[in-house]
Each structure stands twice: as structure tokens, then as C-alpha cells.
Amino acid sequence: VSVCLSVCPPQRVREYTLTVQAADLDGEGLTTTALAVIEIADINDNAPEFDPKTYEVAVPENAAGREVARLAVTDLDEPNTPAWRAVYSILRGNEGGAFAITTDPASNEGVLRTAKGLDYEAKKQFVLHVAVTNEAPFTVKLPTATATVTVNVEDVNEAPVFEPPVQLARVPEDVPPGQTLASCTARDPDTAQGQRIKYLVGHDPAGWLAVHPENGLITARDHLDRESPFAKNSTYTAVLLAVDDGSPPTTGTGTLLLTLLDVNDHGPEAEPRDITICNRSPQPQVLTITDRDLPPNTGPFRAELSHGSGDSWAVEVGDKDDTVTLRLVAPLEPELYSVYLRLFDRPGKAQLTVITARVCDCEGPVQSCPQRSQPATGLPFVLAALGALLALLLILLLLLLFVRRRKVTKEPLLLPEDDTRDNIFYYGEEGGGEEDQDYDLRQLHRGLDARPDVLLRNDVAPTLLPAPQYQPRPANPDDIGTFIEENLKAADTDPTAPPYDSLLV
Numbered sequence: 001v002s003v004c005l006s007v008c009p010p011q012r013v014r015e016y017t018l019t020v021q022a023a024d025l026d027g028e029g030l031t032t033t034a035l036a037v038i039e040i041a042d043i044n045d046n047a048p049e050f051d052p053k054t055y056e057v058a059v060p061e062n063a064a065g066r067e068v069a070r071l072a073v074t075d076l077d078e079p080n081t082p083a084w085r086a087v088y089s090i091l092r093g094n095e096g097g098a099f100a101i102t103t104d105p106a107s108n109e110g111v112l113r114t115a116k117g118l119d120y121e122a123k124k125q126f127v128l129h130v131a132v133t134n135e136a137p138f139t140v141k142l143p144t145a146t147a148t149v150t151v152n153v154e155d156v157n158e159a160p161v162f163e164p165p166v167q168l169a170r171v172p173e174d175v176p177p178g179q180t181l182a183s184c185t186a187r188d189p190d191t192a193q194g195q196r197i198k199y200l201v202g203h204d205p206a207g208w209l210a211v212h213p214e215n216g217l218i219t220a221r222d223h224l225d226r227e228s229p230f231a232k233n234s235t236y237t238a239v240l241l242a243v244d245d246g247s248p249p250t251t252g253t254g255t256l257l258l259t260l261l262d263v264n265d266h267g268p269e270a271e272p273r274d275i276t277i278c279n280r281s282p283q284p285q286v287l288t289i290t291d292r293d294l295p296p297n298t299g300p301f302r303a304e305l306s307h308g309s310g311d312s313w314a315v316e317v318g319d320k321d322d323t324v325t326l327r328l329v330a331p332l333e334p335e336l337y338s339v340y341l342r343l344f345d346r347p348g349k350a351q352l353t354v355i356t357a358r359v360c361d362c363e364g365p366v367q368s369c370p371q372r373s374q375p376a377t378g379l380p381f382v383l384a385a386l387g388a389l390l391a392l393l394l395i396l397l398l399l400l401l402f403v404r405r406r407k408v409t410k411e412p413l414l415l416p417e418d419d420t421r422d423n424i425f426y427y428g429e430e431g432g433g434e435e436d437q438d439y440d441l442r443q444l445h446r447g448l449d450a451r452p453d454v455l456l457r458n459d460v461a462p463t464l465l466p467a468p469q470y471q472p473r474p475a476n477p478d479d480i481g482t483f484i485e486e487n488l489k490a491a492d493t494d495p496t497a498p499p500y501d502s503l504l505v
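With full-length UniProt numbering applied, the sequence shown covers 1 to 505.
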């Protein structure tokens, strides 16, 4: 079986099934047949062609990885074979590497994307020449198809850019509020729009900074502190913002690294501030010296005692200049004491530390802190109990005097026989007759209705008498009787007390 090109059908036929007959005697004898199946193997003898050959698209600037266009091709070779699958490349127009093109395996289209963000202010248009071939090489000499893609870059409002993006500054930590620390500058990439930039403080954890909205000058709004927890390794980090007036507005960010130079604003301190020590053969107490400043504003340190603490205590700085030893040099009663320790650093900055010392009734190292004697601890309780008992006795005595006074019989001011008021009848006997049963109660109002008018005078000052002096409660219980007698006399002569009869109303 041979191939005859002149009579072969078109390429679309994938296989041929032939029936072959063989005969002897020059075809006059016996015959037999066989079946021959011939599969046609495709070769890359057709070049892919673009359809269409020109494209024009628009892409916004700064859009990296954005799909720009899809380029379609036709290929007469067998689909899904190396002779059909397309391979795209950009011949010209992509010198800066702003675009990339790949093959869609499903549709065999060329997918053109932006490899990085485009800049409208730098270049407004790109003209790309794209070529297409196959995975398999051409078996015959064929022309390579090309297409032209015109990409127009669209202008968008870009955020301002700080120059430099990280601003470094070094200032002393004791600068006064209002002093200029640094300045920041931001550039608007949209040069053609002529936008204005406003500066703001974005992140200021300690609230130390302020920035001028127009010129970007950074000033101290509050006192800086290198030892603040907001400063890490003597560096304070803040974020600044630059906002344009575009539509919509965009915001750029910059970083300020403020290095705070140390000043001697902290004196040395001793830790711990609570100690326990025995009052007999006491062991020295070793305290640690801490200074939050940096050299040379630290050691060597010097220590002294103040406020009379040197009478019972002695202090000495250790050899390594990082500890101070406190010694009890005079016997003290078991109690809490305040030891006033003043430490000086190398430049002379002093800091007073108050050490609370619990002195215990023991010897040598402190194992426990017993009290010296039980009476010492029970004395306040005994005094309180005696005071409460005396107060209770005083209350009972006053109550008895009050009850006794209430039982005294007071003679009436007018005898019943001499009572001449109208319509008031006196009955000495129990009960009564018809006269007291039929008494008209309206007669009682006559006295109230006929009362004379009282003239009020405002031209005479009242006479003020001195108030009596009452004695305080005595500390000695034996003087309680004298205390009650004198206070009763003072109460009897008190002009501010109400009259006796008023108690009966």
C-alpha cells in the first residue's frame, strides 16, 4: 500500500480502512482478502493565525497582575496536540517588562496581563507586538503570525509618597514642648492634577508629637522620656500620614524613628524596699541599686542616711557599685521603722528611697518574727476594754439620774381652788356628773381666739449669755464622780437649755 498525494482526501480524515484482495493465476485463480487500517498522524504543517490581528485596551495605572486582553488564534492542525497548542511571545514594546503573556490551556487563547503597576505620569501608552507559534516546530517553512495590542494607561489618584519613607532624628529627651524635632516631606505622584497635601500624625502611642498640616514640621507636644515603655532601645516610633485632596482622597504613610538621647533625669534607687531584720546580732541587708539612666549618668554611686536614720543604721555601697548594704547598729524595739536612704549617681543626681524595716525580737538570721512579750501586744486591747466598761457605767449612771428626775412630783403653779379661768371646772372626785358629761368643747377655743397680738421688734438686739463649759471625760476612772457632778451643775446653769415646764407640754 502506498500513498498517492494526488488522490488523498483532505487532512480532516484521521484514518483509512482498506480491504486488500490477493489472487493467484494472475487474478484468475483463488483469492483471499485482508483488512488494512491506516491512521493518519498529524504534522505541524499549519501555522496558527490571530483573529483579529489588532487590539486596543485601557488599563488603570498601578494595577499589577491585571488581565489586559485575550488574543484568539485559529490553527488547522489536530486540536489538543503539540502542533495545535499555541505559544505566545511579545516581540516589541515590552522593554521595561511591564507585561506578560501566557496560554489558556482550555481555549488556546493568549492571556495578556500586567506584570507590574503602570505609571500614567511616566508613560501613557504601550504598543505591543505579539507573535504566536506552536509547541511542535513547523514541518515546513511557514510564516509566523503577529498581532498588535495598543494599551492605554488610565490616570488614577495616587497616594502621596514620603521622601524618605523612613525619617531618622536624634533629640535629647528633655526637649521642652513646642520645640521642633524633625520635618517630613511627601510628594504627590499626580503631578498633572496639582493637588494639595495635608500632614497628620497617624500613630503616636505616647501622644508626644504634633505635625504642622501644611509644612510637615514635627514638634514636641509633651515631654519626652527615654525611659518610657513606649520607647524601645531609646527609639520612639511614630507613623505620619500625608493626605491629598483628590477625589477620592488618598493617604500615604511614613515612619519617624526618633532616637532619644539620655539626660540625667533619674536618680538611683534601692530594691527591695521592705526588709525584715533581727534586733540582736542582725545580719546586713543587701539592696540592689537601679538607675534608669545610661552611662555616664549612672555609677559610681554614693549613699547616705537622712532624717535621723543614721542614729540606728549604717549604709555602704558595694565593691561592684551595684548594691548597697544596710546595717542595724543600735538596738531597736520590735516595731516597723522607716529608713531614709539617699543615693547619688556620678553627676550628683540624688534620689530618696524609704525602706520599711520590720525589726523582730530575734537573733542572727530571721527565721520568724516573734513579738517581745505578750503584755506589749495586749496593752491596747486592755485599755480599750477598760474604756468601754467606763463608758457603759457612765451611761447607766446618767440613765438612773434621768429616771429619778422624772419621778419627782412638781407642785402646780395654781391651786385648783384658785383657778378662775372661765368654763374650767375642777372635780376632786373620781368620775363626774352630768355637767362634765355635757361639757361644750367649743369653749376651749375661746382662749385661742381671744389671744392678744404679739408685737415683733427688730430694733433691740437679743442678750447673749455665755455658754457653760462642760468638762471632758477624765482619763482616770477615779475622777468619774467629779466629772458627773460638775457637768450636772453646768447643765443646770445653761441658759440655752429649755425650761423645766417645757418637758411637760
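We treat Cβ as the ideally placed atom computed from N, Cα and C, and that holds for glycine. From a predicted model like this one, the values you see are computed outputs, not experimental measurements.
In the DSSP assignment, F301 falls outside any alpha helix (DSSP H) and carries neither an H nor an E. Taking C-alpha positions only, I480 is separated from T496 by approximately 25 Å. In the three-state reduction of the DSSP assignment, K198 falls in the strand class. Its chain contains D42 and A136 as the residues whose beta carbon lies nearer than 8 Å to that of T81, once the 5 sequence neighbours on both sides are disregarded; these appear in chain order. The alpha-carbon of A83 is positioned some 24 Å away from that of T54. Of the other Cβ atoms in all chains shown, 16 or more fall within 10 Å of the Cβ of N46; this residue is therefore buried. Under the criterion of beta carbons closer than 8 Å, R14 and E49 do not qualify as touching, at roughly 23 Å. If you draw a straight line from the Cα of V140 to the Cα of T133, it comes to about 13 Å. For L401, DSSP records no beta bridge to any residue.
Taking a contact as a CB-CB distance under 8 Å, the pair A238 and H212 does not count as one, their CB atoms being some 15 Å apart.
Excluding five sequence positions before and after D24, the CB atoms of its chain that fall closer than 7 Å to its own CB belong to L30, given in chain order. Contact annotation: the segment 337-351 touches the segment 294-312, with at least three C-beta pairs closer than 8 Å.
In this structure, D244 sits near T250, with a CB-CB distance shorter than 7 Å. Close CB contacts of N264 within its chain, under the 6 Å cut and outside five residues either way in sequence, are with D293, N297, P347 and K349 (chain order). Following the DSSP letters along the chain, one finds D274 inside the beta strand (DSSP E) bounded by residues D274 to R280. Ranking P365, L261, L241 and L217 by CA distance to the CA of T235 puts L261 first.
Taken through DSSP and simplified to helix, strand or coil, D311 comes out as helix. Take the alpha-carbon of T19 and the one of L76: they are about 30 Å apart.
Note: Q125 is bridge-paired with N152 in the DSSP secondary-structure output. DSSP places L25 within a helical segment (H, G or I) once states are collapsed to three. With at least 16 other beta carbons inside 10 angstroms of its own, Q285 counts as buried. Bridge partners of N233 according to DSSP: none are assigned. Spatial neighbours of P189 in its own chain (CB-CB distance under 7 Å, excluding positions within 5 residues in sequence) are listed in chain order as E121, E158 and V161. Counting only the Cα atoms, R280 lies some 7 Å from P331.
Proximity of the segment 172-192 to the segment 214-230 meets the contact definition, three or more beta-carbon pairs being nearer than 8 Å. Bridge partners of D188 according to DSSP: none are assigned. The count of Cβ pairs closer than 8 Å, one atom from the segment 57-71 and one from the segment 100-119, reaches three, so the stretches are in contact. Secondary structure of L488 (DSSP, three-state): helix.
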